[in-house]
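Working notes for the structure below.
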Amino acid sequence: MDRILEVENLKKYYQRIKGFSRKVIGTVKAVDSLSFSINKKETLALVGESGCGKTTIGRCIVRAVEPTDGKMSFFDSAGEKKDLLSLDFEQLKLIRRDIRMIFQDPFASLNPRMTLMNIIGEPLKIHRITKSSAELKDRVAELLKMVHLDPDYMNRYPHAFSGGQRQRIAIARALALEPSLVIADEPVSALDVSVQAQILNLMKELQEKTNLAYLFIAHNLAVVRYQSDRIAVMYVGKIVELSDKNQIFNRPQHPYTETLLLASPNPNPHERHDKLHQVKGDIPDPANRPTGCAFHPRCSYAQEKCKHETPHLIDVSDEKTEPHLVACHYWDELNLLTKLPTHHLEA
Amino acid sequence: MDKNTVLEISDLHTHFKSKEGTVRAVDGLSLSLYEDEVLGIVGESGCGKSVTAQSILNILPKNGKIVSGQITYFNKGQSQEITSLLPESKEMRSIRGKEISMIFQEPMTSFSPVHTIGNQIVEVVELHRDDATIDARAQAINMLELTGMPNASEIIDAYPHNLSGGMRQRAMIAMALSCHPKILIADEPTTAVDVTIQAQVLSLMLDMRNELNMSVIIITHDLGVVAETTDRVAVMYLGKVMEIATVYELFDSPKHPYTQALINSVPKTSGEITKLVPITGTVPNPYNIPAGCPFHTRCPDFIPGVCDEESPIKTNISADHQVWCFKHADEKKQEN
Amino acid sequence: MRGKKEDRVVVASQWQLIRWKFSRHRMAVVGLIVLVLYYLAAIFSEFISPYDPYEYDEAFAYAPPQVVRFRDDQGKFHLRPFVYPIKKELDKVTWEVLYVEDRTRRLELRLFVRNWEYNFLGVIKSDLHLFGVDKGMLSIMGKDTMGRDLFSRIIFGSRISMTVGLLGIAISFFLGCLIGGISGLKGGVTDTIIQRIIESIRSIPTLPLWMALSLVMPDNWSILKTYFAIIMILSIVGWTGIARVVRGKFMALKSEDFIMAARLDGSGNGRLIFRYMLPSFSSHIIASLTLSIPGMILGETALSFIGLGLQPPAISWGVLLKDAQYVRVLAQSPWMLFPALFIVVSILAFNFVGDGLRDAADPYAKV
Chain A
75 MDRILEVENL KKYYQRIKGF SRKVIGTVKA VDSLSFSINK KETLALVGES
125 GCGKTTIGRC IVRAVEPTDG KMSFFDSAGE KKDLLSLDFE QLKLIRRDIR
175 MIFQDPFASL NPRMTLMNII GEPLKIHRIT KSSAELKDRV AELLKMVHLD
225 PDYMNRYPHA FSGGQRQRIA IARALALEPS LVIADEPVSA LDVSVQAQIL
275 NLMKELQEKT NLAYLFIAHN LAVVRYQSDR IAVMYVGKIV ELSDKNQIFN
325 RPQHPYTETL LLASPNPNPH ERHDKLHQVK GDIPDPANRP TGCAFHPRCS
375 YAQEKCKHET PHLIDVSDEK TEPHLVACHY WDELNLLTKL PTHHLEA
Chain R
3 MDKNTVLEIS DLHTHFKSKE GTVRAVDGLS LSLYEDEVLG IVGESGCGKS
53 VTAQSILNIL PKNGKIVSGQ ITYFNKGQSQ EITSLLPESK EMRSIRGKEI
103 SMIFQEPMTS FSPVHTIGNQ IVEVVELHRD DATIDARAQA INMLELTGMP
153 NASEIIDAYP HNLSGGMRQR AMIAMALSCH PKILIADEPT TAVDVTIQAQ
203 VLSLMLDMRN ELNMSVIIIT HDLGVVAETT DRVAVMYLGK VMEIATVYEL
253 FDSPKHPYTQ ALINSVPKTS GEITKLVPIT GTVPNPYNIP AGCPFHTRCP
303 DFIPGVCDEE SPIKTNISAD HQVWCFKHAD EKKQEN
Chain C
207 MRGKKEDRVV VASQWQLIRW KFSRHRMAVV GLIVLVLYYL AAIFSEFISP
257 YDPYEYDEAF AYAPPQVVRF RDDQGKFHLR PFVYPIKKEL DKVTWEVLYV
307 EDRTRRLELR LFVRNWEYNF LGVIKSDLHL FGVDKGMLSI MGKDTMGRDL
357 FSRIIFGSRI SMTVGLLGIA ISFFLGCLIG GISGLKGGVT DTIIQRIIES
407 IRSIPTLPLW MALSLVMPDN WSILKTYFAI IMILSIVGWT GIARVVRGKF
457 MALKSEDFIM AARLDGSGNG RLIFRYMLPS FSSHIIASLT LSIPGMILGE
507 TALSFIGLGL QPPAISWGVL LKDAQYVRVL AQSPWMLFPA LFIVVSILAF
557 NFVGDGLRDA ADPYAKV
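Shown next, in the form of structure tokens:
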């Protein structure tokens, strides 16, 4: 399959600085040696709880945050490989036409002082894509239609719109430059349940129309299952499991993935059992990550080795199937998700 | 009815006044809470679910007012009319915290940062104890232990900021339950926390319900939380109840178009992945609630001339299942 | 009707929203009207003053204010307001000079009378005044030590007193935006250093600092020169407050999603600052500028009052109040405190307007 983005050993460390002398008192490994890739036209989900570093990754890719170390390569429409970390300002500006971003809070991501025309038209103007103001207006109208908003709204200000409508505006802005990769950072978690589906379906529809790839950052497993093709599960700065979504949901291989599945509320009362009771422990502070496998203090299968040795992400699939990456010392000894009554699996 | 009712809300109207107009946040709500049950109130933002909780505890903000309706609390054969009490009256304060307790979204806001956890729990116990010989501190430690707090006798002297997120949630629940209330109201108790912490908070609340024999009202927007924890569910939209049913009946055979639409619009973590059907449009402006059934503007089964003119009346689908919708008005025998 | 209002709101720009919100703040609107009147008075001082502020008449030193009446001694009502002329008498017992009203004659107040000649803005020669009396002497707020008309002098005083604040704020604004902007945008060590400097400046007690600075001003400077020097002195401390506001806003905006979105759209730093950041907080800046004007006015008044600021023949409210320094004057001629009334009203007006602006500054706060 054609790659669009490759991330290798990406690291982002923050230093905690104290006082006037700016002494370094600690290092937060927000993202720690992370590797993954995104294929053309697919949706890869990054899922994890707060502090796992999923938002930082998205921001590193568009270089809104400077990575500490690592390698990121982007394949442009001509198939040419571009090293994202060695770009100068002008090259970066060009790359940011191909990689766009959608933010979580549609109330914060739209400038309240600009009309829709200016918000959506801004990237078109900056990159001099439209030649005249009439052309600009046509293009903005077209984009509004694409996200199912009335083009007559273009002279309105964001305060006239609801959360769901604002997120549509943000999507129109992201698509204005015809990107090939969109990083969507929790795009529906600030929205009411009844409008979440509108946005999710719109994103799918636009993917089919324009052959986009998405990096879909989220914490809600049910949303991720609906929206993505592959899923990377993250825990305190590292990927612990990465595979096709059916593998993740039906045959999880990492105890943390199992924990997430047990903890995620499912809108089906017939499947509730004692599962919530099996979740224990607190999310660690990323500044003070447990040694070895970071999940070991909460893992019910943890053994002595887990405390000292950090497991690597390895492919555990047999050759015929899609790769299934897991970072657990004992993945082949565990039989996860069998504690649930069988009708959980057949449902 | 054979089940014992502990709280009865009938035809409650709570309005908020502001410069822009009046918001009918709760608009004719009737609801019963039975002994030992977990009742879910589910709805989107602006449906009035939190205002319902504030009305029960009489802790409405200044611009909010219970305009009409009754909230009756039953205890040991006696009944107490909550809407007739002044918010700061002695009777109201003795109900609040002692008989009916509440936990909030953000645990940090229910604690004072300058006092230890223990002091704050002890204060609640001392305020409400009938017998001055009760050792408040011992009861506080006992309560913290009950919530599964490790080394409760040490944690009791910690300040809120010393505790991790999950521990704070436990301490908050311990404080809310320190007087063994008959009713616990949880207003979006897990919206601000991660899923693994949410699972622990919810299971703790269910454990405590069994331990202390209380009724719980869980207010949430998350259908998953409702499905995992409740016995009975009330679905609210713009200040009105649309449907009440047991949790199984609600998810298996939802009757109200809004309930159906809501269930069809949320993704699930199991089963076949089917295309989500979003609810069209957006929640109307609360200052300008549509006439008739408030959902008619977004309803796929909208009957012109009926739904936009009259308010639907209650239809009993079964003893435990009521729906307010004209679509079902003819199907079953109507009440009144 | 509702629909119409909503149609207007959806296309309302920031400034329209601010205007609507401000106009709902009743005290602020009153304050704004008062300020407009004050500045009109400052611009058209010659026209409004019935007398030349420098014209003295020893005969009427410490003459009290006259009461403007509509009803005469006989209880007869007159449509045109009038005053009774003032006569000087000597108390035969105490030898004290007394001013008494001469109830036999009425002096009618008229609009647009001709009196002393002036050059409006140095070009238009005129002798037309807003109001006055045909013959005799008018004293609505009393006369000062030398028999000069206090009302005319207060009106002329507003020229200096009301502009000191504005010009001072202009300089503070410039310095504050520049230094605060650098501090907020650069961050890191630069920010730390600038903040420590601001803190040290703010920790100096202002009055002694101003006094020290005004003492080194040469005596032979012209009024204009002293005036600007005073403004500079007042701004030395004034800019620090603005710089803090600007820095805070930049800091907060840097991490806003819509700023990052603009950066990802391809905006350069200049575009980010001038198209996104400045418009986001210009209304806040205006509000805090308005709120710091009173401090400047009071500063000038204080300096002139203790004799270190402007000196006669310059006229400012502080200079006028200097005459009211002595208990004897206050006891016998309390109207010498009229300039203080004007100061109080102007400062209240600035504060009300500032409050209103501050509340209206972020029209998106609760949407």
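Residue numbers (the numbering used here), protein chains in the order written: chain A, 75 to 421; chain R, 3 to 338; chain C, 207 to 573.
Glycine included, every Cβ here is placed at the ideal spot set by N, Cα and C.
query: Any C-beta of chain A under 7 Å from that of residue 250 of chain R; result: yes
query: Separation of residue 401 of chain A from residue 370 of chain A, as counted between CA atoms; result: 12 Å
query: Best match in C:279, C:249 and C:548 for proximity to residue 327 of chain C [C-alpha to C-alpha]; result: C:249
query: Residue 328 of chain A at chain C interface by Cβ criterion, 7 Å; result: no
query: Straight-line gap, residue 486 of chain C to residue 563 of chain C (C-alpha atoms, nearest Å); result: 14 Å
query: Which of helix, strand or coil DSSP assigns to residue 284 of chain R; result: coil
query: Contact set between residue 21 of chain R and chain A, taken where Cβ atoms lie within less than 8 Å; result: Going along chain A, no residue has its Cβ under 8 Å from residue 21 of chain R, so there is no contact; the nearest lies around 16 Å.
query: Candidates A:185, A:330, A:211 and A:100: closest to residue 352 of chain A by CA position; result: A:330
query: Residue 464 of chain C at chain A interface by Cβ criterion, 7 Å; result: yes
query: Reduced DSSP secondary structure (H/G/I, E/B, other) of residue 139 of chain A; result: coil
query: Cβ pair residue 195 of chain R, residue 40 of chain R closer than 7 Å; result: no
query: Whole alpha helix (DSSP H) elements within the stretch 342-413 of chain C, 4-residue minimum; result: 356-392 and 394-409
query: Alpha-carbon spacing of residue 147 of chain R relative to residue 170 of chain A, whole angstroms; result: 54 Å
query: Chain R contact residues for residue 123 of chain A, given Cβ-Cβ distances below 7 Å; result: 196, 197 and 198
query: Within 7 Å, strictly: CB atoms of residue 142 of chain R and residue 123 of chain R; result: yes
query: Best match in R:256, R:270, R:238 and R:264 for proximity to residue 53 of chain R [C-alpha to C-alpha]; result: R:238
query: Neighbouring residues, chain A, relative to residue 31 of chain R (Cβ below 8 Å); result: Ordered by position in chain A, no residue passes the 8 Å Cβ test against residue 31 of chain R, which lies about 20 Å from the chain.
query: Per-residue DSSP class, three states only, for residue 119 of chain A; result: strand
query: Counterpart residues of residue 312 of chain A in DSSP-defined beta bridges; result: A:309
query: Residue closest to residue 364 of chain A, alpha-carbon to alpha-carbon, out of A:273, A:310 and A:339; result: A:310
query: Three-state class that DSSP yields for residue 517 of chain C in the structure shown; result: coil
query: Status (buried if at least 16 other CB within 10 Å, exposed otherwise) for residue 240 of chain A; result: buried
query: Pairwise C-alpha distance: residue 549 of chain C and residue 47 of chain R; result: 50 Å
query: CB contact below 7 Å: residue 270 of chain C versus chain A; result: no
query: Residue 299 of chain R and residue 306 of chain R closer than 7 Å at C-beta; result: no
query: Run of the alpha helix (DSSP H) containing residue 463 of chain C, from where it starts to where it stops; result: 463-471
query: Reduced DSSP secondary structure (H/G/I, E/B, other) of residue 14 of chain R; result: strand
query: The stretch 255-263 of chain A touching the stretch 287-306 of chain A, judged by at least three CB pairs closer than 8 Å; result: yes
query: Contiguous alpha helix (DSSP H) assignments of at least 4 residues, all confined to the stretch 22-86 of chain R; result: 51-59
query: For residue 510 of chain C, the residue or residues it bridges with in DSSP; result: Note: residue 510 of chain C sits in no beta bridge, so no partner.
query: Buried versus exposed call for residue 327 of chain A [16 or more other C-beta atoms within 10 Å across all chains shown]; result: buried
query: Cβ-Cβ distance between residue 267 of chain A and residue 268 of chain R below 7 Å; result: yes
query: Per-residue DSSP class, three states only, for residue 124 of chain A; result: coil
query: Whole-angstrom C-beta distance between residue 232 of chain A and residue 245 of chain A, which should lie under 8 Å; result: Going by Cβ atoms, the distance from residue 245 of chain A to residue 232 of chain A rounds to 14 Å, so no, they are not a contact pair.
query: Any chain A beta carbon closer than 7 Å to residue 217 of chain C; result: yes
query: Min CB distance residue 353 of chain A to chain R below 7 Å; result: yes
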